[in-house]
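Asks: The structure under discussion is supplied below as structure tokens; questions concerning it will follow.
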Amino acid sequence: MALWQIPFNVYPSEDLDISKFVLSEDYFDEDEDAWKKLSVSIDYFDEIKNILPVGKSWSQRLVILGDIESNVFEIGIEEDNTVSSASFRIDFRTDFERIVKKIIDFCIQNNLTVINMEMNEVSLNYETFELAIKQNTQTELYNRLAQN
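The sequence shown begins at 2 in our numbering and counts up one residue at a time.
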């Protein structure tokens, strides 16, 4: 993950229990069963492909939508092609509004929850995401480094 990317994880909202997640070294291990209950294929995310084109992946178990160095949506898949995880990173150096709004709409339509790296649920409205991105410590650090 690049300094200019703000990460978010996506989960089915039904029966989501964030307390099962474990935070370790600024990264959290998620509830591995979160996506198993929904049991959807990669086609579930076709709407995201309309805003972030399929990119090149380094693994058969990971689908990349967008650019791994910029705005990207990553979908982990099991051997049976069902989704095992979903996350996205927003590049705060870009005009990210359209992408974030489409992801929010997708999450609302599909009853999905977005969790930030502090393990907090992010409200599904653009203003909340914009603040989360612009007031992030990574954004502040990047801006300080860019000024020097």
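Even glycine gets a Cβ: it sits at the ideal position worked out from N, Cα and C.
Which residue comes first and which comes last in the beta strand (DSSP E) that contains ASP92?
Replies: Unbroken beta strand (DSSP E) run through ASP92: 84-92.
Asks: Drop a sphere of 10 angstroms on the beta-carbon of SER59, count the other beta-carbons inside from all chains shown, and report buried for 16 or more, exposed for fewer.
Replies: What sits at residue 59 in the sequence shown is Trp, not Ser. By the 10 Å Cβ count, TRP59 comes out exposed.
Asks: Quick check: the Cα distance between GLU70 and ASP18, rounded to an integer number of angstroms?
Replies: Answer to the nearest angstrom: the Cα atoms are 31 Å apart.
Asks: By Cβ distance, which residues of its chain are closer than 6 Å to LEU53, with the 5 residues on each side in sequence left out?
Replies: Cβ neighbours of LEU53 beyond the five flanking positions: LEU66, GLY67, PHE74.
Asks: Under 8 Å: do the segment 37-44 and the segment 125-135 share three or more Cβ pairs, one atom per stretch?
Replies: Verdict: no, contact absent.
Asks: Nearest-angstrom Cα distance between GLY77 and ILE43?
Replies: Spanning the two alpha carbons is a distance of roughly 9 Å.
Asks: Tell me the DSSP bridge mates of PRO54?
Replies: Paired residues: none, contrary to the question.
Asks: Out of GLN148, ARG145, LEU113, ASN82, which has the shortest C-alpha to C-alpha gap to ASP16?
Replies: Measuring from the Cα of ASP16, the nearest candidate turns out to be LEU113.
Asks: Of all the options VAL55, THR140, SER14, which has the alpha carbon lying nearest to the alpha carbon of PHE107?
Replies: When each option's Cα is compared against that of PHE107, the closest is SER14.
Asks: Just mark ASP92 as buried or exposed, buried being the case when its beta carbon has 16 or more other beta carbons within 10 Å.
Replies: Looking at its Cβ environment, which holds 16 or more other Cβ atoms inside 10 Å, ASP92 is buried.
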